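**Student:**
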Amino acid sequence: MKWVNRLNKIAIIGGGITGLAAAHYAKQAGAHVTLFEASERIGGKIKTVYQDGFTLEGGPDGYMARKPTLTELITDLGLEEHLVRSKTGTSYIYVRQKLRQMPAGSVMGIPTKFWPMVKTDLFTWRGKLRAGFDLFLPRVYEGEDISLDRFFRTRLGSEVVDAMIEPLLSGIYNGTLEDMSIESTFPQFITIEQKTRSLILGMKALTPPVQAGVKPKEAGKFLSLDQGLGALVEALRPSIDRLETSTQVQSIRPHEVTLSNGHVEQFDGIIIATSPNALGGLLQIPEAERLSQLKRTSSMTVLAAFEEGDVQALDGTGYVIAKAEHNALTACSWMHKKWPHMAPEGKALLRMYIGSDHVPHLLEEDDETVAAFALNELRRIQQVGTPLFTKVERHIHTMPQYEVGHKQSVRAFEEAISAMDGIEACGAILHGVGLPDCVDSAKRAVERLHITQEVTV
Ligand SMILES: Cc1cc2nc3c(=O)[nH]c(=O)nc-3n(C[C@H](O)[C@H](O)[C@H](O)COP(=O)(O)OP(=O)(O)OC[C@H]3O[C@@H](n4cnc5c(N)ncnc54)[C@H](O)[C@@H]3O)c2cc1C
Numbered sequence: 007m008k009w010v011n012r013l014n015k016i017a018i019i020g021g022g023i024t025g026l027a028a029a030h031y032a033k034q035a036g037a038h039v040t041l042f043e044a045s046e047r048i049g050g051k052i053k054t055v056y057q058d059g060f061t062l063e064g065g066p067d068g069y070m071a072r073k074p075t076l077t078e079l080i081t082d083l084g085l086e087e088h089l090v091r092s093k094t095g096t097s098y099i100y101v102r103q104k105l106r107q108m109p110a111g112s113v114m115g116i117p118t119k120f121w122p123m124v125k126t127d128l129f130t131w132r133g134k135l136r137a138g139f140d141l142f143l144p145r146v147y148e149g150e151d152i153s154l155d156r157f158f159r160t161r162l163g164s165e166v167v168d169a170m171i172e173p174l175l176s177g178i179y180n181g182t183l184e185d186m187s188i189e190s191t192f193p194q195f196i197t198i199e200q201k202t203r204s205l206i207l208g209m210k211a212l213t214p215p216v217q218a219g220v221k222p223k224e225a226g227k228f229l230s231l232d233q234g235l236g237a238l239v240e241a242l243r244p245s246i247d248r249l250e251t252s253t254q255v256q257s258i259r260p261h262e263v264t265l266s267n268g269h270v271e272q273f274d275g276i277i278i279a280t281s282p283n284a285l286g287g288l289l290q291i292p293e294a295e296r297l298s299q300l301k302r303t304s305s306m307t308v309l310a311a312f313e314e315g316d317v318q319a320l321d322g323t324g325y326v327i328a329k330a331e332h333n334a335l336t337a338c339s340w341m342h343k344k345w346p347h348m349a350p351e352g353k354a355l356l357r358m359y360i361g362s363d364h365v366p367h368l369l370e371e372d373d374e375t376v377a378a379f380a381l382n383e384l385r386r387i388q389q390v391g392t393p394l395f396t397k398v399e400r401h402i403h404t405m406p407q408y409e410v411g412h413k414q415s416v417r418a419f420e421e422a423i424s425a426m427d428g429i430e431a432c433g434a435i436l437h438g439v440g441l442p443d444c445v446d447s448a449k450r451a452v453e454r455l456h457i458t459q460e461v462t463v
């Protein structure tokens, strides 16, 4: 355990949600917090801007309500009354050149209801029958990490994977199922398989019955803030006693931070909350180097605002796109339906995601060209008129891929860092990329530093 005197100094490196949450918890524990951020702004991937009455989220737009740490933080910050829940409704998958409704009762791509699965036009009869093998097949996970692709293809067959599971799950990590570790991304599927053997039966048992008086359409799974997630960043800013933006940290050693301008500062505790690629350079230990060399994918988001009448009217909140359609977009959210607070009355806001494969060709292009390209791809799927304005956001090499074996690399890194006095690490590279996961890991990093008045070593 590492002990740091309450009155002493903590340095946090990185001003994304992880670093900001760490600042909050460290400040709450009584520390004096200095935060170093390489760019000119704090917030990291959270990028909220306001234009003509629209709230535009260039990065994350909300978070999963079932993970409590972020809601607790928001409550701590006095922002509880600003929480908004996403609207739900039909969601679609674009497959075989048509937007097709997700079968009712499918949870994270796993069918749990018999009739919607029988009736859906997403799969052929052969595909549906093959998915039913899940009820009888033995367990696929045998204690050693495997890819999501292998797990789901064995249990449910290729049709269900290609048309439903792949577009849904790969979008969360902006990766491909072939690379993604089941242990590090969706370990809950291992638990279900261990318990009930069949995924379909296990997921069915987990799905809560609809409560009397609550329409399923009202029970959105995501939360955000009515002013956008930028409001969270601003509420966390006062936790920082000393903010150094446009300041890149070059390396750290126990109790010592070296900035890229050569300046060296001493601290009692140091929390690393940078994006994954920075880890190796900062720590210069092989375990950190290994983590920072993990595959990271890129994506772009293109927001397009419209008069509502200029967007083909469909009931629902958006769609994901199957790979076989060879569209550069991986998904499109109808933000004005999912989050009504994000668009003024009578207007529509669409958010398109350009997948990794297409980003390299677009990187050199200006925003106008990227937006025009995205709109062309969109018009292959749904009709839209001329946008009022567009906004492009680039996320280059930022999304860590939890590949098979990731858990072992994280364990080795955490063991190595636990031997380094007064240094802790947290963030999206370790135990989950979602905002609540990041906040959770920041909270645990601060707890491990054990900021207290009682003991100094
Ligand atoms: C397009 C997109 C959409 C997403 N949507 C969602 C969503 O809806 N819900 C959800 O829960 N999650 C979502 N995520 C994931 C989530 O946004 C991220 O995992 C999370 O924001 C990561 O936060 P972070 O603080 O760990 O890292 P970052 O936000 O990357 O912040 C790290 C900071 O460290 C700084 N830094 C790096 N190196 C140094 C250095 N040497 N010295 C000083 N500073 C340094 C960087 O400049 C950066 O500001 C999305 C991600 C993307 C890209």
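So for the sequence shown, my numbering puts the first residue at 7; every next one is plus one. Virtual Cβ for every residue (Gly too), placed ideally from N, Cα, C. This one's a predicted model, so the numbers in the text were calculated from it and none came from an experiment.
Does the distance from the C-beta atom of T323 to that of K353 stay below 8 Å?
**Tutor:** No, Cβ-Cβ distance for T323 and K353 is not below 8 Å.
**Student:** Between the region 51-65 and the region 392-411, are three or more C-beta pairs nearer than 8 Å?
**Tutor:** Contact between the region 51-65 and the region 392-411 is present, because at least three Cβ pairs lie under 8 Å.
**Student:** Quick one: what's got a C-beta closer than 6 Å to R454's C-beta in the same chain, skipping five residues either side?
**Tutor:** E430
**Student:** Is the beta carbon of F157 closer than 8 Å to that of I116?
**Tutor:** Not closer than 8 Å, so no.
**Student:** Tell me the residue span of the beta strand (DSSP E) that contains V167.
**Tutor:** No beta strand (DSSP E) holds V167; DSSP gives it neither H nor E.
**Student:** Would A328 and A110 qualify as a contact pair, given that the criterion is a beta-carbon distance under 8 Å?
**Tutor:** Cβ atoms of A328 and A110: not closer than 8 Å.
**Student:** What does the Cβ neighbour count give for P244, buried or exposed, with the cut at 16 atoms within 10 Å?
**Tutor:** It is exposed - the Cβ of P244 has fewer than 16 other Cβ atoms within 10 Å.
**Student:** Is Q254 near ligand 1, with its Cβ less than 7 Å from a heavy atom?
**Tutor:** Correct: Q254 has its Cβ closer than 7 Å to ligand 1.
**Student:** If you reduce the DSSP assignment to three classes, tell me which class H367 lands in.
**Tutor:** helix
**Student:** Considering R114, what are the terminal residues of the beta strand (DSSP E) in which it resides?
**Tutor:** The sequence shown places Met at residue 114, rather than the Arg named in the question. Going by DSSP, M114 is part of no beta strand (DSSP E) at all; its letter is neither H nor E.
**Student:** By DSSP, does T191 sit in helix, in strand, or in coil?
**Tutor:** helix
**Student:** Let me check one thing: in DSSP terms, what residues is I278 bridge-paired to?
**Tutor:** I19 and A431
**Student:** For P74, count neighbouring C-beta atoms within 10 Å of its own C-beta (all shown protein chains included) and say buried if the count is 16 or more, exposed if not.
**Tutor:** exposed
**Student:** Taking 7 Å as the line, does the beta carbon of Y408 fall inside it for any heavy atom of ligand 1?
**Tutor:** no
**Student:** By how many angstroms is the C-alpha of L212 removed from the C-alpha of L441?
**Tutor:** Cα-Cα distance, rounded: 24 Å.
**Student:** Rounding to the nearest angstrom, what Cα-Cα distance links T118 and S112 in this structure?
**Tutor:** 6 Å
**Student:** Going along the chain, which unbroken runs of the alpha helix (DSSP H) with 4 or more residues stay wholly within the region 82-151?
**Tutor:** 120-125 and 131-138
**Student:** Where does G324 sit, in a helix, a strand or coil, going by DSSP?
**Tutor:** strand
**Student:** In whole angstroms, what separates the C-alpha of V317 from that of K15?
**Tutor:** Using only the alpha carbons, I get a separation of about 53 Å.
**Student:** DSSP three-state label for V390, please.
**Tutor:** strand
**Student:** When you compare the CB positions of L26 and L242, do they come within less than 8 Å of one another, or not?
**Tutor:** yes
**Student:** Would a C-beta distance cut-off of 8 Å place I246 and A71 closer than the cut-off?
**Tutor:** The Cβ atoms of I246 and A71 lie no closer than 8 Å to each other.
**Student:** Is it the case that the region 74-84 contacts the region 251-270, given that we only count it when at least three CB pairs across the two stretches are under 8 Å?
**Tutor:** no
**Student:** Can you tell me the Cα-Cα spacing of G36 and V452, whole angstroms?
**Tutor:** 11 Å
**Student:** Excluding five sequence neighbours on each side, which residues of the same chain lie with their C-beta closer than 7 Å to the C-beta of F129?
**Tutor:** E165, V166 and A169
**Student:** Can you tell me whether E351 is helix, strand or coil according to DSSP?
**Tutor:** coil
**Student:** Relative to the C-alpha of I360, which residue among V308, S339, P393 and A319 is closest?
**Tutor:** V308
**Student:** Which residue's Cα is closest to the Cα of C338: A349, A378, M348 and Q388?
**Tutor:** Q388
**Student:** Alpha carbon to alpha carbon, how far is R417 from R132? Give it in angstroms, no decimals.
**Tutor:** 42 Å
**Student:** On the three-state DSSP scale, how would you describe E465?
**Tutor:** Given a span of 7 to 463 for the chain in the structure shown, any question on residue 465 remains unanswerable.
**Student:** Is there at least one non-hydrogen atom of ligand 1 closer than 7 Å to the beta-carbon of I52?
**Tutor:** yes
**Student:** Tell me whether the beta-carbon of I23 lies closer than 8 Å to the beta-carbon of V445.
**Tutor:** yes
**Student:** Can you tell me whether DSSP reads A406 as helix, strand or coil?
**Tutor:** The residue you asked about is not Ala; residue 406 is Pro in the sequence shown. Strand at P406.
**Student:** Quick check on DSSP: helix, strand or coil for A380?
**Tutor:** When DSSP states are grouped into helix, strand and coil, A380 belongs to the helix group.
**Student:** Pop quiz: F139 and G163 are said to be a contact at Cβ under 8 Å. What is the actual Cβ separation, rounded to whole angstroms?
**Tutor:** 7 Å
**Student:** What residue range does the beta strand (DSSP E) around V55 cover?
**Tutor:** Its beta strand (DSSP E) spans residues T54 to Q57.
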